[in-house]
Amino acid sequence: MKKMMGKISKIFIPAVISLFFFSSIASAHVTVVPKTSATGAWETYTLKVPVEKDVATTKVTIKAPEGVEVMSYQPVPGWTYSSEKDASGKVKTFTFEATGDGIQAGQFQQFVFVAKNPDKATKAAWDAFQYYKDGSVVEWTGDEGSDSPHSITDIVTATSTDHHDTATTEHAEKTDKAQPTEVEKENETSVSLPLILSGAAALLSLIALVLAFRKK
């Protein structure tokens with residue numbers, strides 16, 4: 006019995022450790038949604054900042070992608086907003102900084118802002134700099150697949166269907182209320198992935214148990 010349990014532990018325990026390690030990394034990225042938007046559109050973007058360490062995040066700075074004009078932001082209690090502009094008055098970077106304790110470990114905060122998309126199709130990369138209370142900084146500026154990738158919005162060419170009249174817009178707003186948002190979809194994915202992986206870990210442990218009995 007002890008030998009059997011030892012064999013199961015060798016497979017099951019590493020699988021569980023890998024599950025939680027992978028899940029924490031997969032959900033720790035700073036992201037901007039929506040992931041797709043139309044050229045020339047006035048888009049409402051949502052910046053999601055999770056905490057990946059055991060210390061609080063106290064500030065986050067975003068570099069505006071080339072051609073994207075940041076126009077306004079939604080105030081968040083406990084946070085201040087500031088921006089750095091170029092000679093023409095366009096926002097180069099913008100920052101949300103905590104006036105209190107910031108975002109604690111195991112939490113995330115969302116910041117909403119409005120920006121005008123460029124007139125030409127492109128991939129808008131949102132370089133982000135996440136500041137922690139201990140003085141460390143995580144630079145989310147890498148390419149997709151790197152340890153710290155930046156979030157990307159695919160700016161696609163607008164078509165005639167992108168221009169709705171008032172009635173169509175009102176219908177879309179009513180429909181949107183019944184549909185999950187991009188952020189909610191992302192949160193659902195973050196939740197479903199660990200469940201899938203935990204199921205795989207349970208399956209591995211069952212296989213190990215069957216093999217152990219057969220050898221016995």
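Per the working numbering, the sequence shown runs over residues 6 to 221.
Glycine included, C-beta positions come from ideal geometry on N, C-alpha and C.
Note that the structure is a prediction, hence the values are computed from the model and not measured.
- Sequence-distant partners of Gly107 (beyond 5 residues in either direction) whose C-beta falls short of 7 Å from its own C-beta, in its chain, are Ala61, Thr62, Thr63 and Lys138.
- Closest in C-alpha terms to Ala130, from the list Trp145, Thr164 and Phe116, comes Trp145.
- Lys53 is positioned such that its CB atom lies closer than 9 Å to that of Phe113.
- Three or more Cβ pairs closer than 8 Å define a contact, and the segment 85-93 falls short of that threshold against the segment 41-49.
- Val81 has no beta-bridge partner at all, per DSSP.
- The residues Gly83, Trp84 and Thr85, in chain order, have a CB closer than 7 Å to that of Thr104 in the same chain once the five nearest residues on each side in sequence are set aside.
- In this chain, the beta strand (DSSP E) harbouring Lys128 covers Thr127 to Tyr137.
- In the three-state reduction of the DSSP assignment, Asp159 falls in the strand class, which pools E and B.
- Here DSSP, grouped into helix, strand and coil, assigns Gln114 to strand.
- The beta carbon of Thr162 is closer than 6 Å to those of Thr44 and Ala126 in its chain, skipping five residues each way along the sequence.
- Between the alpha carbons of Asp132 and Ser156 lies a gap of roughly 7 Å.
- Here the alpha carbon of Ala69 sits roughly 25 Å from the alpha carbon of Thr164.
- In the three-state reduction of the DSSP assignment, Gly147 falls in the strand class, which pools E and B.
- In this structure, DSSP gives Ser88 an extended state, which the three-state scheme calls strand.
- Runs of the beta strand (DSSP E) spanning 3 or more residues and lying entirely within the segment 28-58 occur at 36-38, 41-43 and 47-55, in chain order.
- For the 9 Å CB-CB criterion, Phe118 and Val75 form a contact.
- Separation of Thr41 and Glu149 (C-alpha to C-alpha, rounded to the nearest whole angstrom) is 16 Å.
- For Lys95 and Gly111, the gap between their C-alpha atoms comes out near 35 Å.
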